[in-house]
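Here the structure is laid out as structure tokens; the discussion comes afterwards.
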């Protein structure tokens with residue numbers, strides 16, 4: 001250290017003398033000497049900066065709680081798989097965490113991707129991590145810190161963590177230091193630093209020449225600006241699946257009743273922040289649903305960000321694999337709680353594809369947070385949704401338009417006050433248009449977890465589980481499927497086969513918007529299954545004119561259709 005300080009003093013003395021000689025050369029109008037001294041001063045400035053960057057940063061003090069955490073991460077049991085726990089002593093965690101950290105599968109996968117790039121790259125790399133609010137982005141830092149300390153190729157790195165205006169330096173086999181912000185720039189020039197920034201309170205990374213990881217909401221303007229300027233590798237955390245929620249509850253929240261967890265998940269979707277930690281979720285959800293901006297937020301729901309804060313309660317970013325060679329997912333692949341690459345008949349957890357060339361954990365599309373949210377938006381803002389839906393469908397198939405159309409259909413069939421007359425067409429044999437009459441008057445739907453043993457007259461059944469892909473609804477006479485696409489493969493063969501046994505003559509009705517009605521054809525079954533005894537028909541559900549819905553009770557065309565609170 002003394003030799004380094006001696007070198008810095010010598011360079012500083014040479015720089016001071018060179019600046020004095022440069023001033024004399026300028027006063028004497030000696031151009032040749034001026035140019036020579038300008039070059040010399042520039043060279044000495046660079047030498048001084050290089051030497052100063054090797055000095056240890058000035059620490060305000062040793063951060064004792066973080067030092068305890070850092071020691072635990074180094075010495076604790078190996079935790080490299082998902083559904084495991086990082087146990088740390090109380091008081092050693094950032095962000096006021098009071099429970100053990102549940103390790104999500106996405107934590108394991110994304111940290112491995114990041115550290116693989118860092119360990120094989122000869123240049124400083126940039127990473128941008130985002131996801132829907134409440135999915136655990138900030139908590140990922142703890143597992144990433146753990147992974148860096150345990151991975152042989154990354155354990156030599158130091159970690160500089162920025163949270164709001166604070167900087168914490170994690171060095172191998174050393175206490176954690178709180179760094180004065182004025183001294184951070186020297187660290188950011190060093191190649192053994194991994195600079196991690198939490199985007200809380202609109203934080204953004206400083207200019208750096210080291211590996212940089214920016215964790216933030218996609219709604220953060222600083223995040224969007226930084227991504228445009230740095231072109232980082234991007235990854236997105238998926239919303240929580242029901243299976244993840246239940247396992248986390250088992251480890252971290254055993255006193256929270258499972259029925260409460262299931263109820264919150266059905267209302268909120270995979271937002272862990274509200275499922276586990278916020279008792280005021282009903283207030284926030286109801287406020288978002290009732291807001292006049294709820295329908296306006298639909299216009300910005302086609303990207304991973306939105307202009308309306310209430311949208312974080314209503315919409316979730318869906319994550320999947322990005323394959324530059326593949327086309328966009330079909331309409332029937334856009335289902336609640338699943339990514340295009342997921343197998344919704346067996347599991348509800350996103351698993352990265354092993355196909356070469358695909359990039360995992362990428363933003364795919366925006367969907368409603370839950371079926372409940374979609375239904376409530378239609379119920380509370382009926383005419384505004386109707387007008388928006390025509391525009392959304394005209395823009396092409398999407399998860400938003402598909403699910404709005406489905407909720408609109410459910411609303412239509414369960415709120416009619418008189419017989420419904422709709423244009424329909426058989427998809428086999430005589431394909432001429434006929435008048436389909438619904439003689440039954442349905443009211444509130446009957447929610448079912450599985451195929452019931454028998455069907456009652458006058459009941460409108462809706463599957464409760466998002467893992468029931470066979471149909472969207474069924475009555476004692478019809479099985480009902482809503483779609484905005486010309487092609488809709490029938491999946492959930494096991495459930496569908498069981499459902500058809502409840503009918504003497506099974507009839508499957510496809511409700512479609514007007515532009516699909518004429519060209520809609522007989523639909524196939526997944527895996528080439530045969531159901532020759534099931535008759536298929538297509539039904540036109542107009543959405544072009546609000547006047548078509550004047551037979552619906554309790555609705556007037558107004559700016560907002562109010563409803564009882566959640």
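Residue numbers (UniProt numbering): 1 to 566. All C-beta atoms in this analysis are idealised placements derived from N, C-alpha and C, irrespective of residue type, glycine included. It should be emphasised that the depicted structure is a prediction, and the values quoted were computed from it without experimental measurement.
Open item on the list: Looking at the strands, I want to know which residues DSSP matches up with residue 141.
Closed with: The residue given as residue 141 occupies position 141 in the chain shown. Partner(s): none; residue 141 has no beta bridge.
Task: Reduced DSSP category for residue 471 - H, G, I as helix; E, B as strand; rest coil - done: The residue you call residue 471 lines up with position 471 of the chain shown. Three-state result, residue 471: coil.
- [ ] Output yes or no for whether 9 Å exceeds the beta carbon distance between residue 461 and residue 474.
- [x] As a position in the chain shown, residue 461 is number 461, starting the count at 1. As a position in the chain shown, residue 474 is number 474, starting the count at 1. In contact: residue 461 and residue 474 (Cβ atoms closer than 9 Å).
- [ ] For the segment 205–288, list the beta strand (DSSP E) runs that are entirely contained and at least 3 residues long, ordered along the chain.
- [x] 211–215 and 233–237
TODO: Would you mind stating whether residue 360 and residue 370 have Cβ atoms separated by less than 9 Å?
DONE: Here residue 360 is taken as the residue at index 360 of the chain shown, counted from 1. Here residue 370 is taken as the residue at index 370 of the chain shown, counted from 1. It is not a contact, given that the beta carbons lie outside the stated cut-off.
Open item on the list: Taking its Cβ as the centre, do 16 or more other Cβ atoms sit within 10 Å of residue 202, making it buried, or is it exposed?
Closed with: Sequence index remark: in the chain shown, residue 202 carries index 202 (1-based). Exposed, since its Cβ has fewer than 16 Cβ neighbours within 10 Å.
- [ ] Could you tell me if residue 10 is buried or exposed, where buried requires 16 or more neighbouring beta carbons within 10 angstroms of its beta carbon?
- [x] Here the question's residue 10 lines up with position 10 in the chain shown. Exposed.
Open item on the list: If you reduce the DSSP assignment to three classes, tell me which class residue 432 lands in.
Closed with: Locating residue 432 in the chain shown gives position 432, counting from the first residue. Residue 432: coil per DSSP, three-state reduction.
Open item on the list: What would DSSP say about residue 486, mapped onto helix, strand or coil?
Closed with: As a working mapping, residue 486 is identified with position 486 in the chain shown. Three-state result, residue 486: coil.
Open item on the list: Quick check: residue 318 and residue 238, are their CB atoms within less than 9 Å of each other?
Closed with: For the purposes of this step, residue 318 is taken as residue 318 along the chain shown, with counting starting at 1. For the purposes of this step, residue 238 is taken as residue 238 along the chain shown, with counting starting at 1. In contact: residue 318 and residue 238 (Cβ atoms closer than 9 Å).
Task: Backbone CA spacing between residue 553 and residue 528 [nearest angstrom] - done: Position 553 of the chain shown, counted from the first residue, corresponds to residue 553. Position 528 of the chain shown, counted from the first residue, corresponds to residue 528. With a pLDDT of 46 at residue 553, under the threshold of 50, the predicted position of this residue should be treated as unreliable, though the coordinate-derived value follows. Cα to Cα, residue 553 sits roughly 43 Å from residue 528.
TODO: Output the boundary residues of the alpha helix (DSSP H) element that contains residue 65.
DONE: The count along the chain shown starts at 1 and reaches residue 65 at position 65. Counting along the chain, the alpha helix (DSSP H) containing residue 65 begins and ends at 64–75.
Task: residue 88 (DSSP reduced to helix, strand or coil) - done: By one-based count along the chain shown, residue 88 stands at place 88. Here the model assigns residue 88 a pLDDT of 48, short of 50, so the residue's position is not dependable and the matter cannot be decided.
Task: Reference residue 12; option with closest CA among 42, 419 and 143 - done: As a first step, residue 12 is located in the chain shown; it is residue number 12 there, counting from the start. It is 42.
Task: DSSP beta-bridge partners of residue 162 - done: As a working note, residue 162 is residue 162 in the chain shown. Looking at the DSSP assignment, residue 162 forms a beta bridge with 167 and 197.
TODO: Just tell me which of 248, 70 and 223 has its CA closest to the CA of residue 168.
DONE: Numbered from its first residue, the chain shown carries residue 168 at position 168. The shortest Cα separation from residue 168 among 248, 70 and 223 belongs to 70.
- [ ] Taking all protein chains shown into account, decide if residue 409 is buried (16 or more other Cβ within 10 angstroms of its Cβ) or exposed.
- [x] Within the chain shown, numbered from 1, the residue matching residue 409 stands at position 409. Classification for residue 409: buried.
Open item on the list: Buried or exposed for residue 115, going by 16 or more other Cβ atoms inside 10 Å?
Closed with: For the purposes of this step, residue 115 is identified with residue 115 of the chain shown, where counting begins at 1. Burial call: buried.
Task: When 365, 205, 502 and 350 are compared against residue 534, the one with the closest alpha-carbon - done: For the purposes of this step, residue 534 is taken as the residue at position 534 of the chain shown. Nearest of 365, 205, 502 and 350 to residue 534, Cα basis: 502.
TODO: Would you mind reading off the limits of the alpha helix (DSSP H) that contains residue 187?
DONE: One-based indexing of the chain shown puts residue 187 at position 187. Per DSSP, residue 187 belongs to the alpha helix (DSSP H) from 184–187.
Open item on the list: My output table needs one value for residue 136: the three-state DSSP class, helix, strand or coil.
Closed with: Looking up residue 136 in the chain shown gives position 136. Coil.
Task: Opposing strand residues paired with residue 479 [DSSP bridges] - done: For this step, residue 479 is matched to residue 479 along the chain shown. Residue 479 is bridged to 474 and 508.
- [ ] For residue 402, count neighbouring Cβ atoms within 10 angstroms of its own Cβ and tell me buried if that reaches 16, exposed if not.
- [x] In the chain shown, residue 402 corresponds to position 402, counting from 1. So residue 402 ends up on the buried side.
Task: Coarse secondary structure for residue 24, derived from DSSP in three states - done: As a working mapping, residue 24 is identified with position 24 in the chain shown. Three-state DSSP puts residue 24 in a helix.
Open item on the list: Could you give the first and the last residue of the continuous beta strand (DSSP E) run that contains residue 461?
Closed with: In the chain shown, residue 461 corresponds to position 461, counting from 1. Taken as a continuous stretch (DSSP letters only), the beta strand (DSSP E) holding residue 461 covers 461–463.
Open item on the list: As a quick exercise: from 144, 486 and 442, pick the residue whose alpha carbon is nearest that of residue 127.
Closed with: Along the chain shown, read from residue 1 onward, the residue named residue 127 stands at position 127. Among 144, 486 and 442, the Cα nearest to that of residue 127 belongs to 144.
- [ ] Flag this pair as touching only if the segment 150–159 and the segment 252–262 have three or more C-beta atom pairs under 8 Å; answer yes or no.
- [x] no
Task: Outcome for residue 229 when other beta-carbon atoms lying within 10 angstroms are tallied against a minimum of 16 - done: As a working note, residue 229 is residue 229 in the chain shown. Exposed.
Task: Exposure label - residue 320; buried when at least 16 CB within 10 Å - done: Taking the chain shown and counting its residues from 1, one reaches residue 320 at position 320. Counting Cβ neighbours within 10 Å, residue 320 comes out buried, since at least 16 surround it.
TODO: Jot down the residue ranges of each uninterrupted alpha helix (DSSP H) in the segment 363–425, minimum 4 residues, whole runs only, in chain order.
DONE: 371–380, 382–394 and 399–415
Open item on the list: Which of the three DSSP states is assigned to residue 45 in this structure?
Closed with: By one-based count along the chain shown, residue 45 stands at place 45. Helix.
Task: Terminal residues of the beta strand (DSSP E) in which residue 317 lies - done: The residue labelled residue 317 in the question sits at position 317 within the chain shown. Per DSSP, residue 317 belongs to the beta strand (DSSP E) from 315–322.
TODO: Tell whether a beta-carbon distance below 9 Å holds between residue 485 and residue 456.
DONE: Residue 485 sits at position 485 when you count from the first residue of the chain shown. Residue 456 sits at position 456 when you count from the first residue of the chain shown. No. Outside cutoff.
Open item on the list: Following a CB-centred definition, is residue 278 positioned closer than 8 Å to any heavy atom of the ligand HEM?
Closed with: Ligands are entirely absent from the displayed structure, and the ligand HEM is therefore not among its contents.
- [ ] Measure how close the beta-carbons of residue 51 and residue 14 come, nearest whole angstrom, since I'm counting them as under 8 Å.
- [x] As a position in the chain shown, residue 51 is number 51, starting the count at 1. As a position in the chain shown, residue 14 is number 14, starting the count at 1. With a Cβ gap of about 12 Å, residue 51 and residue 14 do not count as contacting.
Task: Residue interval of the beta strand (DSSP E) (run including residue 178) - done: Residue 178 sits at position 178 when you count from the first residue of the chain shown. It spans 177–179 - the beta strand (DSSP E) in which residue 178 sits, taken as one unbroken run.
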